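Heads up, the thing below is written out as structure tokens.
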Amino acid sequence: MNPIRWFLCGALMMMAALPARAEHFRLAMPSDDDQYIIDLFALALEAEGGGHTYEVVRRVILAQDRALRALADNKARYEVHYSGYAPERERDFAMVRFPITRGMLGHRLLVVHEADRDMLKGVDTIEKLSRFRLGSGMDWPDTTIMQAVGLTVTKGSDGNLWPMLARKRFDAFPRGINEIRAEITSEGQGKYGVQMVIDQHVMLVYRYDYFFYLAKSNIHKARIVERGLIKAFESGQLDAFLNNTPALKATMAELKAHPRQVIHIDNPLLSDTVRALPDSYWRTYP
């Protein structure tokens, strides 16, 4: 073999054998309710291997669109944010192509006034549910999803939705099964002068979840997280984690104790890329 060619081949083999550079990630954490997201992110990095590290950036802007714009404009203190799927977010960011909680966010239980705990009894169709006003954020993809199937939606800013429910500006507040318990504990137990409870009659289900987003310049980091999540899923570690996270475990027990009428709806916002993700990535709860 030509000596130069031999040298080049040897150099390439040595480079291939070298471990990839360990990366450091700064994860945005807008809510203390979502501690499990931190642990899940750590699980993904561990599953991927390579010695990657992370830090948590707290006190992040709560409004999702503003927080993501800061990330896109490289004006944020963080470089990884998690938020519900939206096509423009997939377009504008390096999206980690794995639903973080395997679809928990698209399993929606409804928060109602304690006095209205049986208000939704007998509701088993979209038409019947459309008679009630559902609260949702002004910039939330959920708003578009629910409106697309004819549900009646009252919009509000993120910080005003619980007070609006307390004042009966709408009848019920759909929340993901991964977020409802912590939120009702902090917001619904008399904070606004009324008691809130989780309705035990209806669960609204559509294919939807949190995804991790990074700036497009960080696509290599997005793929590290993506590979880690897939490895954790394929090994069973991800499901074991979700099944044993205390707040999520309590909600699973609640769903088994009180089976709901499940109303499935389509999510028209999903891109072809997301629709093409393996069905096995999405889980049916409980």
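Residue numbering for the sequence shown follows our numbering, starting at 973 and increasing by one per position. Built from N, CA and C at the ideal position, the CB exists for glycine as well. All figures in this text were calculated on a predicted structure; none of them were measured in a lab.
Please report the straight-line C-alpha distance between residue i and residue j, rounded to a whole angstrom.
i        : j        : result
Leu-1197 : Thr-1245 : Position check: residue 1197 holds Val in this sequence, whereas Leu was assumed. For Val-1197 and Thr-1245, the distance between alpha carbons rounds to 18 Å.
Ala-1194 : Ala-1066 : 6 Å
Arg-993  : Met-1224 : 39 Å
Arg-1247 : Gly-1056 : 15 Å
Ala-1044 : Ala-1187 : 5 Å
Leu-1017 : Pro-1002 : 20 Å
Ser-1207 : Gln-1119 : 38 Å
Tyr-1008 : Asn-1216 : 10 Å
Ile-1156 : Ile-1191 : 36 Å
Asp-1251 : Gly-1165 : 43 Å
Thr-1116 : Lys-1140 : 22 Å
Lys-1100 : His-1230 : 20 Å
Asp-1111 : Glu-1086 : 28 Å
Ala-1000 : Tyr-1182 : 13 Å
Considering only residues of the same chain and omitting the five flanking positions on each side of residue i, which have a CB-CB separation below 7 Å?
i        : result
Trp-1254 : Pro-1071, Arg-1074, Gly-1075 and Arg-1179
Asn-1046 : Ala-1187
His-1079 : Gly-1148, Ile-1149, Met-1175, Val-1177 and Tyr-1257
Using C-beta distances below 8 Å, list every residue in its chain close to residue i, excluding the 5 sequence neighbours before and after it, in chain order.
i        : result
Ala-1222 : Arg-1153
Leu-984  : Bear in mind that the predicted position of Leu-984 carries a pLDDT of just 42, short of 50, making it unreliable; the figure below should be weighed with that in mind. Correct list: empty, nothing qualifies.
Going by DSSP, what residue range makes up the alpha helix (DSSP H) through residue i?
i        : result
Asp-1211 : 1209 to 1216
Met-1136 : 1133 to 1138
Ile-1033 : That residue, Ile-1033, is in no alpha helix (DSSP H); it is neither H nor E in DSSP.
Our contact map puts residue i next to residue j with C-beta atoms below 8 Å; I'd like the distance itself, whole angstroms only.
i        : j        : result
Gly-1109 : Asp-1130 : 5 Å
Gln-1233 : Val-1095 : 7 Å
Ile-1010 : Ile-1237 : Not a contact, Cβ separation roughly 31 Å.
Val-1169 : Arg-1038 : Not really, about 32 Å apart at Cβ, beyond 8 Å.
Glu-1077 : Tyr-1185 : As written in the sequence, residue 1077 is Leu, which differs from the Glu given in the question. About 14 Å separates the two Cβ atoms, so there is no contact after all.
Leu-1082 : Phe-1145 : 7 Å
Ser-1102 : Thr-1124 : 5 Å
Leu-1106 : Asp-1171 : Contact doesn't hold; Cβ gap of about 11 Å is too wide.
Could you spell out where the beta strand (DSSP E) holding residue i opens and where it closes?
i        : result
Phe-1070 : Unbroken run through Phe-1070: none, as it is neither H nor E.
Gln-1172 : 1168 to 1177
Leu-1186 : 1182 to 1186
Leu-1241 : Segment: none, Leu-1241 is in no beta strand (DSSP E) and carries neither H nor E.
Phe-997  : 996 to 1001
Arg-1147 : 1145 to 1148
Sorted by chain position, which residues of the same chain lie with C-beta nearer than 6 Å to residue i's C-beta, five sequence neighbours on each side aside?
i        : result
Leu-1227 : Pro-1258
Ala-1235 : This sequence places Ile at residue 1235; Ala is not what is there. Answer for Ile-1235: Leu-1176, listed in chain order.
Gly-1128 : Met-1136
Phe-1205 : none
message: Could you check whether the segment 1044 to 1059 touches the segment 1015 to 1024, counting it as contact only if at least three pairs of C-beta atoms, one from each stretch, sit closer than 8 Å?
response: no
task: Decide yes or no for the touch test of the segment 1200 to 1213 against the segment 999 to 1016: beta carbon pairs closer than 8 Å, at least 3 of them.
output: yes
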